[in-house]
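If you number the sequence shown the way my numbering does, the last residue is 1360 and the count never jumps.
Heads up, the beta-carbon is just placed ideally off N, CA and C, and yes, glycines get one too.
Predicted model, so just to flag it, every value in this text is computed and none were measured.
Here the structure is laid out as C-alpha coordinates; the discussion comes afterwards.
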Amino acid sequence: MPRKSPEIFLDTSVIIAALFSATGGARMLFRLGEAGVVTLVVGKIVLQETDDVLLRKAPELRALLAQLLDAAQVKIGDDPQEDHLDKAAALMAYAPDAQVLAEALQAAPDWFTSHDREHFLDNPDLAELPFQIGSPGDALAWIRTQLET
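Encoded structure:
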(Lines of atoms letter the chains of each structure in order from A and count residues from 1; the text may use other names and numbers.)
(Lines give C-alpha, C1' and ligand atoms only; values in the text may rest on other atoms or scores of the structure.)
Protein backbone atom coordinates (compact mmCIF):
# COMPACT_ATOMS: atom_id res chain seq x y z
CA MET A 1 0.00 0.00 0.00
CA PRO A 2 1.46 3.41 -0.94
CA ARG A 3 2.49 5.60 1.95
CA LYS A 4 0.43 8.75 2.54
CA SER A 5 2.47 11.84 1.78
CA PRO A 6 3.13 14.03 4.83
CA GLU A 7 0.79 17.00 5.19
CA ILE A 8 2.44 20.33 5.89
CA PHE A 9 0.35 23.33 6.97
CA LEU A 10 1.85 26.63 5.83
CA ASP A 11 1.64 29.80 7.89
CA THR A 12 1.48 33.15 6.11
CA SER A 13 5.14 33.85 6.92
CA VAL A 14 6.23 30.71 5.08
CA ILE A 15 4.26 31.56 1.95
CA ILE A 16 5.67 35.09 1.95
CA ALA A 17 9.21 33.71 2.38
CA ALA A 18 8.67 31.34 -0.56
CA LEU A 19 7.61 34.26 -2.73
CA PHE A 20 10.62 36.40 -1.84
CA SER A 21 13.29 33.69 -2.00
CA ALA A 22 13.55 31.03 -4.69
CA THR A 23 16.30 29.23 -2.77
CA GLY A 24 15.05 28.99 0.83
CA GLY A 25 13.39 26.19 2.74
CA ALA A 26 9.93 27.66 2.21
CA ARG A 27 10.27 27.48 -1.57
CA MET A 28 11.65 23.94 -1.25
CA LEU A 29 8.42 22.90 0.45
CA PHE A 30 6.52 24.16 -2.59
CA ARG A 31 8.87 22.18 -4.86
CA LEU A 32 8.23 19.04 -2.81
CA GLY A 33 4.51 19.72 -3.05
CA GLU A 34 4.81 20.04 -6.82
CA ALA A 35 6.70 16.72 -6.93
CA GLY A 36 4.00 15.02 -4.84
CA VAL A 37 6.40 14.25 -1.99
CA VAL A 38 4.31 16.27 0.48
CA THR A 39 0.81 17.67 0.56
CA LEU A 40 0.72 21.37 1.38
CA VAL A 41 -2.29 22.77 3.21
CA VAL A 42 -3.32 26.35 3.93
CA GLY A 43 -6.33 27.94 5.53
CA LYS A 44 -8.57 30.61 4.05
CA ILE A 45 -7.37 33.14 6.65
CA VAL A 46 -3.75 32.35 5.77
CA LEU A 47 -4.50 33.01 2.10
CA GLN A 48 -6.29 36.27 2.96
CA GLU A 49 -3.40 37.42 5.17
CA THR A 50 -0.92 36.56 2.41
CA ASP A 51 -2.90 38.51 -0.16
CA ASP A 52 -3.21 41.48 2.19
CA VAL A 53 0.57 41.54 2.72
CA LEU A 54 1.21 41.31 -1.01
CA LEU A 55 -1.27 44.08 -1.82
CA ARG A 56 0.58 46.36 0.61
CA LYS A 57 4.18 45.38 -0.06
CA ALA A 58 4.58 43.53 -3.38
CA PRO A 59 1.45 43.34 -5.54
CA GLU A 60 3.58 42.14 -8.46
CA LEU A 61 4.08 38.83 -6.58
CA ARG A 62 0.37 37.92 -6.57
CA ALA A 63 0.75 36.14 -9.92
CA LEU A 64 3.67 34.11 -8.56
CA LEU A 65 1.56 33.20 -5.53
CA ALA A 66 -1.17 31.82 -7.79
CA GLN A 67 1.44 29.94 -9.80
CA LEU A 68 3.06 28.36 -6.73
CA LEU A 69 -0.27 27.39 -5.17
CA ASP A 70 -1.42 25.78 -8.41
CA ALA A 71 1.82 23.99 -9.27
CA ALA A 72 2.14 22.53 -5.76
CA GLN A 73 -1.56 21.60 -5.72
CA VAL A 74 -1.96 23.27 -2.33
CA LYS A 75 -5.09 22.17 -0.48
CA ILE A 76 -7.29 24.79 1.12
CA GLY A 77 -8.49 23.54 4.48
CA ASP A 78 -12.01 23.68 5.80
CA ASP A 79 -13.16 26.45 8.10
CA PRO A 80 -12.32 25.54 11.69
CA GLN A 81 -15.01 24.05 13.88
CA GLU A 82 -15.98 25.77 17.12
CA ASP A 83 -13.93 23.40 19.29
CA HIS A 84 -10.79 24.20 17.29
CA LEU A 85 -11.47 27.93 17.56
CA ASP A 86 -11.93 27.58 21.33
CA LYS A 87 -8.78 25.50 21.79
CA ALA A 88 -6.69 27.91 19.70
CA ALA A 89 -8.02 30.95 21.57
CA ALA A 90 -7.16 29.27 24.89
CA LEU A 91 -3.58 28.64 23.71
CA MET A 92 -2.79 32.03 22.23
CA ALA A 93 -3.90 35.53 23.08
CA TYR A 94 -3.11 37.10 19.69
CA ALA A 95 -6.43 36.63 17.86
CA PRO A 96 -5.17 36.60 14.23
CA ASP A 97 -2.66 33.84 14.98
CA ALA A 98 -5.23 31.96 17.07
CA GLN A 99 -7.42 31.88 13.95
CA VAL A 100 -4.50 30.46 11.92
CA LEU A 101 -3.85 27.88 14.63
CA ALA A 102 -7.54 26.89 14.55
CA GLU A 103 -7.26 26.37 10.79
CA ALA A 104 -4.25 24.12 11.37
CA LEU A 105 -6.10 22.17 14.06
CA GLN A 106 -8.97 21.67 11.62
CA ALA A 107 -6.61 20.47 8.88
CA ALA A 108 -4.81 18.06 11.26
CA PRO A 109 -1.47 18.11 9.40
CA ASP A 110 1.72 16.29 10.32
CA TRP A 111 3.58 19.62 10.52
CA PHE A 112 2.79 23.28 10.98
CA THR A 113 5.49 25.50 9.49
CA SER A 114 6.07 29.10 10.41
CA HIS A 115 8.79 31.72 10.76
CA ASP A 116 6.89 33.42 13.61
CA ARG A 117 9.06 32.81 16.68
CA GLU A 118 7.01 34.83 19.15
CA HIS A 119 3.60 33.30 18.53
CA PHE A 120 4.39 29.83 17.18
CA LEU A 121 7.96 28.52 17.21
CA ASP A 122 8.95 29.59 20.75
CA ASN A 123 5.51 29.22 22.32
CA PRO A 124 5.67 26.52 25.04
CA ASP A 125 1.86 26.42 25.24
CA LEU A 126 1.80 24.73 21.83
CA ALA A 127 3.98 21.76 22.81
CA GLU A 128 1.03 19.38 23.29
CA LEU A 129 -0.61 19.88 19.89
CA PRO A 130 -1.31 16.83 17.71
CA PHE A 131 1.22 18.02 15.14
CA GLN A 132 4.77 19.29 15.19
CA ILE A 133 5.55 22.99 14.82
CA GLY A 134 8.75 24.26 13.28
CA SER A 135 10.44 26.29 10.60
CA PRO A 136 10.52 25.13 6.99
CA GLY A 137 14.05 23.87 7.67
CA ASP A 138 12.78 21.79 10.60
CA ALA A 139 10.01 20.35 8.43
CA LEU A 140 12.48 19.55 5.64
CA ALA A 141 14.75 17.70 8.07
CA TRP A 142 11.76 15.68 9.28
CA ILE A 143 10.66 14.94 5.70
CA ARG A 144 14.15 13.61 4.95
CA THR A 145 13.89 11.19 7.86
CA GLN A 146 10.48 10.02 6.61
CA LEU A 147 11.86 9.36 3.14
CA GLU A 148 14.76 7.35 4.56
CA THR A 149 12.50 4.91 6.43
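Simplified DSSP state of residue i, which is helix, strand or coil
i        : result
Leu-1251 : strand
Lys-1268 : helix
Thr-1324 : strand
Gly-1235 : coil
Residue interval of the alpha helix (DSSP H) (run including residue i)
i        : result
Leu-1275 : 1273 to 1282
Ala-1309 : 1306 to 1318
Cβ distance (whole Å) where residue i is taken to contact residue j below 8 Å
i        : j        : result
Val-1225 : His-1326 : 6 Å
Ala-1318 : Gly-1244 : Not confirmed; about 14 Å, so no contact.
Val-1249 : Leu-1240 : 7 Å
Ala-1246 : Arg-1238 : Going by Cβ atoms, the distance from Ala-1246 to Arg-1238 rounds to 13 Å, so no, they are not a contact pair.
Per DSSP, the bridge partner or partners of residue i
i        : result
Thr-1360 : Looking at the DSSP assignment, Thr-1360 forms no beta bridge with any residue, so it has no partner.
Ile-1344 : Phe-1323
Element boundaries [beta strand (DSSP E), containing residue i]
i        : result
Gly-1288 : It is not in any beta strand (DSSP E) - Gly-1288 carries neither H nor E in the DSSP assignment.
Glu-1218 : 1218 to 1221
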